[in-house]
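Residue numbers (this note's numbering), protein chains in the order written: chain A, 1 to 309; chain B, 1001 to 1309.
Here a beta-carbon is modelled for each residue, glycine too, at the ideal position from N, C-alpha and C.
Quick notes on the structure that follows.
2 protein chains.
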Amino acid sequence: MQQITIKAPATVANLVCGFDVLGMALEEPCDIMQVGLLDEPFVTVSSRDGFPLPSDPAQNTAGAPLLAIMEELGASRPGLGFEVLIDKKIKPGSGIGSSAASAAGAVVAANHLLGNIFSKQDLVRFAMFGEKVASGVKHADNVAPCIFGGITLIRSIFPLDIVSIPAPSLYVTVVHPQIEVRTADARQILRKNVLLKDAIRQWGNIAGLVAGLMRDDHELIGRSLEDVIIEPVRSILIPGFDEVKRQCKEAGALGGGISGSGPSIFMLSRDAAIAGAVEGCMKGIYEKIGLSYHTYITTINREGVKVYS
Amino acid sequence: MQQITIKAPATVANLVCGFDVLGMALEEPCDIMQVGLLDEPFVTVSSRDGFPLPSDPAQNTAGAPLLAIMEELGASRPGLGFEVLIDKKIKPGSGIGSSAASAAGAVVAANHLLGNIFSKQDLVRFAMFGEKVASGVKHADNVAPCIFGGITLIRSIFPLDIVSIPAPSLYVTVVHPQIEVRTADARQILRKNVLLKDAIRQWGNIAGLVAGLMRDDHELIGRSLEDVIIEPVRSILIPGFDEVKRQCKEAGALGGGISGSGPSIFMLSRDAAIAGAVEGCMKGIYEKIGLSYHTYITTINREGVKVYS
Chain A
1 MQQITIKAPA TVANLVCGFD VLGMALEEPC DIMQVGLLDE PFVTVSSRDG FPLPSDPAQN
61 TAGAPLLAIM EELGASRPGL GFEVLIDKKI KPGSGIGSSA ASAAGAVVAA NHLLGNIFSK
121 QDLVRFAMFG EKVASGVKHA DNVAPCIFGG ITLIRSIFPL DIVSIPAPSL YVTVVHPQIE
181 VRTADARQIL RKNVLLKDAI RQWGNIAGLV AGLMRDDHEL IGRSLEDVII EPVRSILIPG
241 FDEVKRQCKE AGALGGGISG SGPSIFMLSR DAAIAGAVEG CMKGIYEKIG LSYHTYITTI
301 NREGVKVYS
Chain B
1001 MQQITIKAPA TVANLVCGFD VLGMALEEPC DIMQVGLLDE PFVTVSSRDG FPLPSDPAQN
1061 TAGAPLLAIM EELGASRPGL GFEVLIDKKI KPGSGIGSSA ASAAGAVVAA NHLLGNIFSK
1121 QDLVRFAMFG EKVASGVKHA DNVAPCIFGG ITLIRSIFPL DIVSIPAPSL YVTVVHPQIE
1181 VRTADARQIL RKNVLLKDAI RQWGNIAGLV AGLMRDDHEL IGRSLEDVII EPVRSILIPG
1241 FDEVKRQCKE AGALGGGISG SGPSIFMLSR DAAIAGAVEG CMKGIYEKIG LSYHTYITTI
1301 NREGVKVYS
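See below:
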């Protein structure tokens, strides 16, 4: 059986002011996946640590995208199937794109095994079937940066329009307080309507953030990392959020906020020393609250899913 | 009396998806202003064509910003005053920043006469007093590009944060249907609330537009010139709007929309031939409707208000 190994990175969706449209890939953590080509039309997905997965591949974040690929190829590849073994390093429910890594890793691996017949944009389209399984919504703000690497803008979902934005050389400090925030719940508490004046402030910020990223202007990036719409609602689900943000910025972080729908919080810093001080703030706050947590420092991943043939 | 002449360009606010935050300066038309330094604390503003202006300078779009400068300098320049003569080439109420040109021209001229003591950002702050007189709201999306030139982003008004965005080498075709749309009316018909899903689409578009402008990607600029929030409401005030947009895009325009709050409509094209074809479409439509109109083709002004010492 032809088989390959890939590494699929964690991702930070939304990037504070870019709800549902921006995302960023991280160097660490990454899922490791082994994907093999079958000559029977089946998909099997299993977990290296024995974690129980849905037996129906259509209900699995890695399986559903592979079934979508098989359906797209249809009669031209009648005996096509895949076998997937996942070593899950990205904790589900942590808010750093765990489901996206499974979905994106599966489709990039499948495409490699098929001779790279699909574009990256096609792969995002397939991977979104995995996000639909995970959260009920076909969104691309994690799978796109996972596949493209760096920072991506989803200008539009229908039709799919993905724009790669240059990724600056910044350090990313992440804290994962060990509470559960379900993506579907975090989505449900959002209001369907927003004030026009808040929306204007938000699109001023995202425009500033894109300009700041493209000219590597750290001050502008920092000033633009402001979210007046989603964060005020969602941050109430994350104990210590306001304190983390305040202290980390005082410690020199450019800015940051909720990663995806949380509960992880990320902060961007211009150097390793500040990123370390930021991590210290995060640890101090959750020690004081008495909530279990996990922190790490990483950088921006520029290549996306990596294939080891 | 020390006196200078300046040229203050017309500007297109909003740029379709950047309501209240983006603006672009045009090469033509421009107001011509003569500004002189008085040694008495008065401001006088008069019009070369004898058009009656408010006798109280505080009620005049050029006068109010000059009074703001005098107030800022206060006791340090007790006998400071200005005399302004305006040759108004930018028709008031046309939607291409007529009031902004008077305000921006006045403050750039005053700053030059005072030995360039203020930054461009300061000048925008003063010029906004003129916009307050004109429309009741302190907005900067016309005065900022008029002063800075090119395309500007107002990331925030309070505190004022202006970001210059690179201006591509595009042609701008403008049609001014001869109807009156008051800025205050055009603002009043907007809803105070918008759907979150529309706001997301809008901030995806402005992010795409900024990325497209910064990498001179004409296709991306064109795809991003979409406004799902303001245009559907305001365009009903402009006869022929949908037809202009449809035909101009068929003729090869990248895209465009309402200039500021209208009634002028602008279209961006990659070359002069397409800009000419676009002008032909505009003419045909308003001839058929039977509405008086004025069209012109210009380019993006990169230097803003020009001083002739």
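{"Query": "Run through DSSP, which three-state label would His-1294 (chain B) get?", "Result": "strand"}
{"Query": "Check the Cβ of Gln-1202 (chain B) against every Cβ in chain A and list those closer than 8 angstroms, keeping chain order.", "Result": "Ala-199 and Trp-203"}
{"Query": "If we count the other Cβ atoms within 10 Å of its Cβ and call it buried at 16 or more, is Gly-1240 (chain B) buried or exposed?", "Result": "buried"}
{"Query": "Listing by chain order, which chain B residues have their CB less than 7 angstroms from the CB of Asp-20 (chain A)?", "Result": "Ile-1200"}
{"Query": "Counting only Cβ pairs nearer than 9 angstroms, list the residues of chain B close to Lys-192 (chain A).", "Result": "Leu-1195, Leu-1196 and Lys-1197"}
{"Query": "Between which residues of its own chain and Phe-1129 (chain B) is the CB-CB distance below 6 angstroms, once the five residues before and five after are set aside?", "Result": "Ala-1064, Pro-1065 and Ala-1068"}
{"Query": "Is Gly-1097 (chain B) buried or exposed, if buried means 16 or more other CB atoms sit within 10 Å of its CB?", "Result": "buried"}
{"Query": "Classify Glu-1287 (chain B) as helix, strand or coil using the three-state DSSP reduction.", "Result": "helix"}
{"Query": "Between Gly-208 (chain A) and chain B, is any beta-carbon pair separated by less than 9 angstroms?", "Result": "yes"}
{"Query": "What does Ala-272 (chain A) reach in chain B if we use C-beta pairs closer than 7 angstroms?", "Result": "Correct list: empty, because the minimum Cβ distance to chain B is about 28 angstroms."}
{"Query": "Do Gly-338 (chain A) and Ile-297 (chain A) have their CB atoms nearer than 9 angstroms?", "Result": "The shown model of chain A, from 1 to 309, leaves out residue 338 (chain A), and the question about it has no answer."}
{"Query": "Just how far apart, CA to CA, sit Met-1 (chain A) and Ala-1253 (chain B)?", "Result": "53 angstroms"}
{"Query": "With Pro-1177 (chain B) and Ile-1236 (chain B) assumed to form a contact (beta carbons below 8 angstroms), what rounded beta-carbon distance in angstroms separates them?", "Result": "Contact doesn't hold; Cβ gap of about 14 angstroms is too wide."}
{"Query": "Does Arg-1223 (chain B) get closer than 9 angstroms to chain A when you measure Cβ to Cβ?", "Result": "yes"}
{"Query": "Comparing the C-beta of Ile-1165 (chain B) with each C-beta of chain A, is any distance below 9 angstroms?", "Result": "yes"}
{"Query": "Kindly indicate if chain B contains any beta-carbon less than 9 angstroms away from that of Ile-375 (chain A).", "Result": "Residue coverage of chain A in this structure runs from 1 to 309, which leaves residue 375 (chain A) outside it and unanswerable."}
{"Query": "Could you check if Asn-116 (chain A) is buried or exposed, using at least 16 other CB atoms within 10 Å of its CB as the buried criterion?", "Result": "exposed"}
{"Query": "Return the Cβ separation of Glu-1131 (chain B) and Val-1124 (chain B) in integer angstroms, given the expectation that the two are a contact with Cβ distance under 8 angstroms.", "Result": "Not quite, the Cβ-Cβ distance comes to about 10 angstroms (not below 8 angstroms), so this is no contact."}
{"Query": "Alpha carbon to alpha carbon, how far is Gly-1284 (chain B) from Asn-1205 (chain B)? Give it in angstroms, no decimals.", "Result": "30 angstroms"}
{"Query": "Between the alpha carbons of Glu-83 (chain A) and Ile-1189 (chain B), how many angstroms are there, rounded?", "Result": "58 angstroms"}
{"Query": "With distances taken between CB atoms, is the gap from Gly-1260 (chain B) to Thr-1044 (chain B) smaller than 9 angstroms?", "Result": "no"}
{"Query": "Between which two residues does the beta strand (DSSP E) containing Val-45 (chain A) stretch?", "Result": "43–47"}
{"Query": "Is Val-1163 (chain B) closer than 9 angstroms to Leu-220 (chain A) when the C-beta atoms are compared?", "Result": "yes"}
{"Query": "Starting from the Cα of Cys-1248 (chain B), find the closest Cα among B:Lys-1091, B:Val-1174, B:Leu-1213 and B:Glu-1028 and give me that residue.", "Result": "B:Val-1174"}
{"Query": "Cα separation between Leu-160 (chain A) and Arg-201 (chain A)?", "Result": "25 angstroms"}
{"Query": "Mind checking if Asp-216 (chain A) is an interface residue toward chain B, Cβ cutoff 9 angstroms exclusive?", "Result": "no"}
{"Query": "Can you check whether the CB of Leu-1213 (chain B) is closer than 9 angstroms to the CB of Pro-1168 (chain B)?", "Result": "yes"}
{"Query": "How about Gly-1262 (chain B) and Ala-1186 (chain B): do their beta carbons lie closer than 9 angstroms?", "Result": "yes"}
{"Query": "Report the neighbours of Ala-1184 (chain B) on chain A: residues whose CB is nearer than 9 angstroms to its CB, in chain order.", "Result": "In chain order: nothing, as chain A lies at least about 16 angstroms away."}
{"Query": "Which residues does DSSP list as the beta-bridge partners of Ala-172 (chain A)?", "Result": "The question names Ala, but residue 172 (chain A) in the sequence shown is Val. A:Leu-268 and A:Thr-298."}
{"Query": "Residues in its own chain within less than 8 angstroms of Ala-1184 (chain B) by CB, not counting five upstream and five downstream?", "Result": "Ser-1135 and Gly-1136"}
{"Query": "In angstroms, rounded to a whole number, what distance separates the CA positions of Thr-152 (chain A) and Asp-20 (chain A)?", "Result": "11 angstroms"}
{"Query": "Pull up the distance between the alpha-carbon of Arg-1215 (chain B) and that of Arg-1270 (chain B), whole angstroms please.", "Result": "15 angstroms"}
{"Query": "Rounded to whole angstroms, what is the Cα-Cα separation between Ser-99 (chain A) and Leu-53 (chain A)?", "Result": "12 angstroms"}
{"Query": "Helix, strand or coil, according to DSSP, for Gln-1121 (chain B) in the structure here?", "Result": "helix"}
{"Query": "Verify the CB distance criterion: does Ile-6 (chain A) have a CB-CB separation below 9 angstroms to chain B?", "Result": "no"}
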